[in-house]
Amino acid sequence: MTGHAAGEHAIRDADLVGLETLVDQLDDVALLAIVFTLGRYGLTGAHDLGEIYGATSVAPRHRRILRRWLRVLVAEKLAVVEDGRYRLTRTVAAAEVEQARAKLEAAARGLEHGSGLARFFQLSVSYLPELLRDEISVQSLLFADADLDVADDVYQRNVASRYANAVAAEVAASLARPGARVLEVGAGVGGTTAVVLSALAGNRVDYLFTDVSRFFLSSARERFAAYDGVRYGLLDVNGDYAAQGYEPESFDVVLAANVLHNARHAVDVLTALRSLLAPGGALVFIDTTVEHYQLMTSMQFLMSPPASDPDADFTDFRRGTDRIFPTREEWLDALSTAGFSDLECLPPPGHPLGRIGQYLFVGRR
Ligand SMILES: C[S@@+](CC[C@H](N)C(=O)[O-])C[C@H]1O[C@@H](n2cnc3c(N)ncnc32)[C@H](O)[C@@H]1O
Numbered sequence: 572m573t574g575h576a577a578g579e580h581a582i583r584d585a586d587l588v589g590l591e592t593l594v595d596q597l598d599d600v601a602l603l604a605i606v607f608t609l610g611r612y613g614l615t616g617a618h619d620l621g622e623i624y625g626a627t628s629v630a631p632r633h634r635r636i637l638r639r640w641l642r643v644l645v646a647e648k649l650a651v652v653e654d655g656r657y658r659l660t661r662t663v664a665a666a667e668v669e670q671a672r673a674k675l676e677a678a679a680r681g682l683e684h685g686s687g688l689a690r691f692f693q694l695s696v697s698y699l700p701e702l703l704r705d706e707i708s709v710q711s712l713l714f715a716d717a718d719l720d721v722a723d724d725v726y727q728r729n730v731a732s733r734y735a736n737a738v739a740a741e742v743a744a745s746l747a748r749p750g751a752r753v754l755e756v757g758a759g760v761g762g763t764t765a766v767v768l769s770a771l772a773g774n775r776v777d778y779l780f781t782d783v784s785r786f787f788l789s790s791a792r793e794r795f796a797a798y799d800g801v802r803y804g805l806l807d808v809n810g811d812y813a814a815q816g817y818e819p820e821s822f823d824v825v826l827a828a829n830v831l832h833n834a835r836h837a838v839d840v841l842t843a844l845r846s847l848l849a850p851g852g853a854l855v856f857i858d859t860t861v862e863h864y865q866l867m868t869s870m871q872f873l874m875s876p877p878a879s880d881p882d883a884d885f886t887d888f889r890r891g892t893d894r895i896f897p898t899r900e901e902w903l904d905a906l907s908t909a910g911f912s913d914l915e916c917l918p919p920p921g922h923p924l925g926r927i928g929q930y931l932f933v934g935r936r
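For the sequence shown, the positions run 572 to 936 when our numbering is used.
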């Protein structure tokens with residue numbers, strides 16, 4: 572399929588075995604840090620959810636994360652649940668977390684750009700009580716000291732993103748003929764934008780960079796000032812597109828990187844995005860399809876509902892499950908149900924990057 576070779580080329584020097592080790596270490600540290608954190612609250616007996624909420628003072632909007640942690644601990648046999656009461660099966664001492672963190676650092680050290688990722692992650696697990704109470708934000712850890720490098724390591728330079736962004740760029744370049752209209756949604760820090768815009772340079776495309784948050788638009792304006800034909804706008808993928816000023820059938824390519832898991836209803840949002848595409852147009856999106864433990868102690872705090880609506884939930888198959896990321900198969904089903912055809916998904920089955928679970932999907936109108 573288009574793009575796979577470009578993706579492989581982008582990661583040709585990557586140590587994929589080392590990467591798998593790093594992913595395992597990240598998950599190990601996350602699990603130990605969760606048990607350690609709960610232990611610090613004295614939650615070592617059998618407790619129901621209400622008691623756990625009370626002891627941790629978890630902000631109502633982050634309760635979903637705590638429930639998710641408990642499910643994972645049960646699945647990993649680090650806790651048992653009886654009559655709605657959870658009991659840890661073991662305690663974790665600070666020294667054990669430290670040991671796992673040292674192993675993680677060693678695994679990250681050998682990997683190009685692994686260190687930014689590991690630094691951010693270590694910071695997140697050391698602030699779990701504050702994150703739960705909503706006293707600090709993941710964004711402040713990502714953008715600590717106004718240093719965008721960590722965010723770039725997380726979004727753009729890590730191996731899975733390098734592969735997916737290179738594929739996205741190749742696919743976009745093959746679809747976006749001169750004069751094509753490209754819409755990027757949830758463009759954020761612009762990790763994918765940077766790679767795609769550079770592949771499209773010379774195609775004279777009209778590129779509309781959008782995000783739900785104005786915060787990202789001004790930094791993107793500076794970052795992409797050198798490119799002609801880039802415009803900037805606000806777009807909430809969960810909102811009414813016409814009411815936000817977006818006309819049906821007005822784009823040839825819609826691009827979305829690591830944002831569509833925010834769709835309240837996956838099929839409804841895919842259907843709405845499809846309506847923005849001209850006939851023959853394509854939706855290209857990247858998303859994580861695995862609920863890594865490391866995400867549950869870091870990025871997932873960014874994905875909680877707003878404090879004003881703490882119990883807001885997805886309205887699709889994820890409702891009541893406390894899950895965030897549809898699986899690869901669920902996305903493929905949702906694309907078909909939304910009317911997309913000629914579906915493609917990379918990396919191909921059996922690829923080592925499958926362990927990371929970040930995929931690029933293409934669907935055509
Ligand atoms: C994980 S970041 C990904 C950033 C960027 N696309 C990348 O991969 O480098 C998710 C982005 O989606 C945006 N976002 C979240 N909810 C959204 C929504 N409902 N509509 C549009 N964008 C949204 C966030 O503001 C953030 O910039």
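Just so it is clear, CB atoms sit at the ideal spot from N, CA and C, and this is done for glycine as well.
Computed from a prediction, not measured in an experiment: that's the story for all the values here.
Taking all protein chains in view, the Cβ of ASN833 is crowded by 16 or more other Cβ atoms within 10 Å, so the residue is classified as buried.
Excluding its 5 nearest sequence neighbours in each direction, GLY928 has C-beta neighbours in its own chain below 7 Å: THR859, THR860 and VAL861, listed in chain order. Exclusion of the five residues before and after ARG661 leaves VAL606 and LEU649 as the residues of its chain whose Cβ lies within less than 8 Å of its Cβ. Following the DSSP letters along the chain, one finds LEU682 in no beta strand (DSSP E), marked with neither H nor E. Remark: the shortest separation between the CB of LEU806 and any heavy atom of ligand 1 falls under 7 Å. In the structure shown, GLY610 adopts helical secondary structure according to DSSP, grouped into three states.
Residue burial is scored here from C-beta neighbours: GLN815 has fewer than 16 other C-beta atoms within 10 angstroms and is therefore classed as exposed.
In this structure GLU820 does not touch THR573 by the C-beta definition: roughly 23 Å separates them, more than the 8 Å allowed. Distance between ARG748 and ALA679, taken at the CA atoms: about 40 Å. Looking only at SER732, ALA751 and SER711, the smallest Cα-Cα distance to TYR698 is reached by SER711. GLY934 has LEU854 as its beta-bridge partners, per DSSP. Taking all protein chains in view, the Cβ of HIS580 is surrounded by fewer than 16 other Cβ atoms within 10 Å, so the residue is classified as exposed. In summary, PHE786 is exposed, with fewer than 16 beta-carbon neighbours lying within 10 Å of its beta-carbon over all protein chains present. Taking the Cα of ARG802 as reference, the smallest distance to any Cα among LEU703, THR781 and GLY655 is reached at THR781.
Remark: C-beta atoms of VAL756 and LEU806 approach each other more closely than 8 Å.
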